[in-house]
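Residue 334 in our numbering sits at position 102 of the sequence shown, with consecutive numbering throughout.
No residue lacks a Cβ here, since even glycine has one placed at the ideal position from N, Cα and C.
Computed from a predicted structure; not experimentally measured.
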Amino acid sequence: MSQEHSGTSPNYTDSAALTMLFGDSPKVKILAVLLKQGRDTNVSTIADLGGMSRSSVYRHIDTLINLDVVEKTREVSGSPLYQVNRQSAVAQKLGELQYELVDVVAGEDESDGGDLEFPDTPPETAQ
C-alpha cells in the first residue's frame, strides 16, 4: 500500500475534479497534479500535491508515459521532470475534461442537461 501524504493540510487531489470523477488511484492523482501544474514538475512535488509517496509516483509514471499522456521533459540535478504531453490528443481531452469538471464541481455548469448524442462507432483515427 502506498504511503499517504504526511502533511497536516489536505493535498490538492483531495478536491481535484478528476479524482472526484475517476477516484483517487495514483495514476489519476498524477494526472490531476500535472494538469494543475501546467509545466514540468519533479516527482517530489507530484507526490506532495498528490498525497502519495515518491515510490508510488515512480511505480505509475511509466504507464502514463507509455500511454503517451505524460512525458519526461528533462532532468535537473539528476531528478526527472514530467508534464502532460501536450502533443497527445488523449492528454488534450483530459485537460478539456478537467476544466469542464471544474465548472460542474463549482456549480457553474450552464448546460440545460439536454440529450447527448453518442456515435454508433468510435471516430476514425489518423494513422
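Report yes if the C-beta distance between residue i and residue j is below 7 Å; otherwise report no.
i           : j           : result
residue 251 : residue 260 : yes
residue 289 : residue 275 : yes
Thinking C-alpha only, which one of the options is nearest residue i?
i           : options               : result
residue 268 : 301, 306 and 244      : 244
residue 279 : 308, 338, 258 and 306 : 258
residue 391 : 283, 293, 328 and 305 : Past the boundaries of the shown model lies residue 391; the chain is included only from 233 to 359, so the question cannot be answered.
residue 319 : 303, 291 and 312      : 303
residue 294 : 253, 332, 333 and 313 : 313
residue 283 : 328, 247 and 337      : 247
residue 311 : 277, 256 and 338      : 277
residue 328 : 270, 285 and 255      : 270
Tell me which residues share the same chain as residue i and place their Cβ nearer than 8 Å to its Cβ, disregarding the 5 neighbours each side in the sequence.
i           : result
residue 326 : 250, 263, 267, 301 and 316
residue 299 : 322
residue 241 : Any answer about residue 241 is weak, because its pLDDT of 46 lies below 50 and its placement is not dependable; what the coordinates show is given next. Counting only Cβ-Cβ distances below 8 Å, and skipping sequence neighbours, we find nothing.
Assign residue i to one of three DSSP states: helix, strand, or coil.
i           : result
residue 298 : helix
residue 234 : Reliability of the predicted coordinates at residue 234 is poor, the pLDDT of 38 falling under 50, and no value is obtained from them.
residue 269 : helix
Going by DSSP, what residues sit across from residue i in a beta bridge?
i           : result
residue 312 : 307
residue 243 : Answer is none; residue 243 lacks a bridge partner.
residue 252 : According to DSSP, residue 252 bridges with nothing at all.
residue 317 : Answer is none; residue 317 lacks a bridge partner.
By Cβ distance, which residues of its chain are closer than 7 Å to residue i, with the 5 residues on each side in sequence left out?
i           : result
residue 330 : 249, 250 and 267
residue 253 : 333
residue 297 : 303 and 304
Note down, in chain order, each residue of its chain lying with its Cβ closer than 6 Å to the Cβ of residue i, except the 5 sequence neighbours on either side.
i           : result
residue 291 : none
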